[in-house]
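What follows is a short report on a single structure.
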Amino acid sequence: MTDTVTYQNIHNRFKINGFHLNRNDLYEVAYSFIKEGEEFEKAVGDFILDWFDNKSYLELNTSGTTGTPKLIRIDKQAMVNSAIATGDFFDLNPGDKALHCLPTKYIAGKMMFVRSFILGLDIDFVAPSSNPIVEDTTKYDFVAMVPLQAQNSLTALKNVKKLIIGGAKMSTVLENELSKLKTKVYETYGMTETITHIAAKEIGETAFSVLPNIKIDKDQRNCLVIDAPAISDEVIVTNDLVELVGENQFVFLGRMDNVINSGGIKLIPEKIEAKLSHKIHSRFFVTGVEDSDLGEKLVLIIEGKNQSLDENIFEDLDKYEKPKEIFYVEKFTETENGKIKRKEILESI
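For the sequence shown, position 323 matches number 323 in full-length UniProt numbering, and the numbering has no gaps at all.
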């Protein structure tokens with residue numbers, strides 16, 4: 001299919017907000033959005049014009065997940081190939097109803113449109129708010145959200161067949177709430193360089209499964225290496241520590257950048273946070289700060305007002321995993337996707 005479908009194609013089943021639109025119609029919509037639309041609609045107008053221009057690529061800013069943020073070129077055909085892989089993995093069919101509630105200026109929002117053009121989805125396009133499902137009577141086959149949107153849509157998600165969540169880590173509390181629904185909910189793994197997700201796992205599972213035509217390996221640091229020739233000419237080396245499970249699955253352990261070297265003991269914050277996730281009900285994270293004796297010492301940072309913590313919350317931690325100090329920050333700073341800005345928060349203390 002990837003040999004015959006190009007970025008110039010618009011599937012004959014594609015609809016947006018209930019209307020069949022061909023290429024000429026989309027140009028009109030784009031110009032209208034740019035001239036008279038709200039800010040989020042202008043981003044859609046810009047994307048449509050960029051998608052159908054004479055260039056074979058789009059220029060996008062990376063988030064910095066695999067290094068320093070930078071401007072990169074992504075091949076439009078690679079985006080088509082990614083859309084087809086998503087369609088195959090999640091069994092999406094022409095005419096399936098989808099909800100687009102992500103900012104179009106980022107890759108995840110752009111890809112929801114590409115999937116719609118290419119797979120022939122019937123898409124409802126709404127403003128990217130923290131509470132996107134206003135009418136909770138419409139039934140959707142496929143929806144993509146960030147964790148905050150999912151948290152605010154719990155009652156409406158009964159009408160969603162498949163939900164993918166990305167952009168930031170899901171809390172254990174949210175995961176428990178979502179597991180009670182009949183909706184099939186998946187956590188996704190990916191980044192701008194991989195054109196959104198290259199792997200997904202249903203909540204409750206520990207290992208991510210890769211999408212079609214993607215190979216994975218580890219480097220000498222035990223970080224994930226992604227070989228996806230249909231979406232990237234180069235092999236992508238990440239800073240994500242993983243454990244491989246067979247050829248097509250991996251368990252995410254944590255970010256190499258976050259590893260704390262405390263007196264020669266290497267600590268992975270994400271593993272410690274998982275052990276504490278059922279014990280601390282506010283948002284929190286652990287990190288390392290400079291220490292004259294240990295090099296780095298482990299500290300716990302909790303969102304909210306100062307409070308007394310029961311020492312028993314640390315009973316599941318190993319000897320070296322227990323925080324040496326606890327800080328409180330009234331409100332965490334975060335990205336638009338709800339990702340906690342660890343470095344900024346640490347600097348603010």
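For glycine and all other residues, C-beta sits at the position ideal for the given N, C-alpha and C. All figures in this text were calculated on a predicted structure; none of them were measured in a lab.
Inter-residue spacing [alpha-carbon to alpha-carbon] between residue i and residue j
i, j, result
"phenylalanine 113", "aspartate 310", "48 Å"
"isoleucine 268", "threonine 238", "16 Å"
"lysine 139", "glycine 109", "20 Å"
"isoleucine 72", "methionine 191", "12 Å"
"glutamate 38", "phenylalanine 47", "14 Å"
"isoleucine 164", "leucine 148", "13 Å"
"isoleucine 123", "asparagine 81", "19 Å"
"asparagine 93", "valine 143", "14 Å"
"tyrosine 320", "isoleucine 313", "15 Å"
"phenylalanine 90", "glutamate 202", "11 Å"
"phenylalanine 250", "isoleucine 214", "12 Å"
"threonine 65", "glutamate 187", "Summary for threonine 65: the model assigns pLDDT 48, below 50, so the residue's position carries little reliability; its value from the coordinates is reported in the next sentence. Using only the alpha carbons, I get a separation of about 17 Å."
"lysine 218", "threonine 194", "16 Å"
"residue 357", "proline 132", "Residue 357 is absent from the model: the chain starts at 1 and stops at 349."
"leucine 60", "leucine 317", "41 Å"
"residue 358", "alanine 230", "Lying outside 1 to 349, the shown extent of the chain, residue 358 is not represented and no answer is given."
"asparagine 9", "isoleucine 216", "30 Å"
"lysine 55", "glycine 166", "29 Å"
"leucine 102", "lysine 271", "29 Å"
"isoleucine 326", "lysine 180", "33 Å"
"alanine 156", "glutamate 336", "22 Å"
"serine 129", "serine 292", "45 Å"
"tryptophan 51", "alanine 83", "14 Å"
"asparagine 159", "glycine 246", "35 Å"
"aspartate 141", "glutamate 175", "20 Å"
"histidine 281", "glutamate 330", "14 Å"
"leucine 300", "threonine 137", "42 Å"
"valine 169", "glycine 338", "It is worth fixing the name first, because residue 169 is lysine in this sequence and not valine. Approximately 9 Å, taken between the alpha carbons."
"tyrosine 57", "isoleucine 265", "45 Å"
"isoleucine 226", "alanine 200", "14 Å"
"threonine 104", "glutamine 220", "36 Å"
"cysteine 223", "lysine 322", "25 Å"
"serine 32", "asparagine 22", "15 Å"
DSSP state of residue i mapped onto helix, strand, coil
i, result
"residue 399", "Any question about residue 399 goes unanswered here, given that the chain covers just 1 to 349."
"aspartate 50", "helix"
"glycine 304", "coil"
"methionine 191", "strand"
"alanine 85", "helix"
"glycine 109", "helix"
"valine 329", "strand"
"valine 29", "helix"
"valine 173", "helix"
"tyrosine 349", "What sits at residue 349 in the sequence shown is isoleucine, not tyrosine. In the structure shown, isoleucine 349 sits in coil (DSSP, three-state: anything other than H, G, I, E or B)."
"residue 387", "Since the first residue shown for the chain is 1 and the last is 349, residue 387 is missing from the structure and cannot be characterised."
"glycine 45", "helix"
"glutamine 8", "coil"
"isoleucine 164", "strand"
"valine 134", "coil"
"isoleucine 313", "helix"
"glutamate 39", "helix"
"isoleucine 272", "helix"
"phenylalanine 90", "coil"
"isoleucine 203", "coil"
Strand pairing of residue i, partner residues [DSSP]
i, result
"isoleucine 61", "Sequence inspection shows asparagine at residue 61; the isoleucine mentioned does not correspond to that position. BP columns for asparagine 61 point to Leu71."
"glutamate 334", "Ile340"
"leucine 267", "Ile260"
"tyrosine 320", "Bridge partners of tyrosine 320: none, in fact."
"phenylalanine 284", "Ile302"
"lysine 55", "DSSP, once it has assigned bridges, lists no residue as partnering lysine 55."
"glycine 295", "Asp291"
"lysine 97", "Asp122"
"valine 185", "Leu163"
"isoleucine 16", "Phe19 and Ile123"
"threonine 196", "Met191"
Fully enclosed by the stretch 205-264, which beta strand (DSSP E) runs are 3 residues long or longer? 208-210, 215-218, 223-227, 236-245, 249-255 and 260-262
Touch test, the stretch 277-292 against the stretch 247-264, Cβ-Cβ under 8 Å, three pairs minimum: Flag = yes, the stretch 277-292 and the stretch 247-264 touch.
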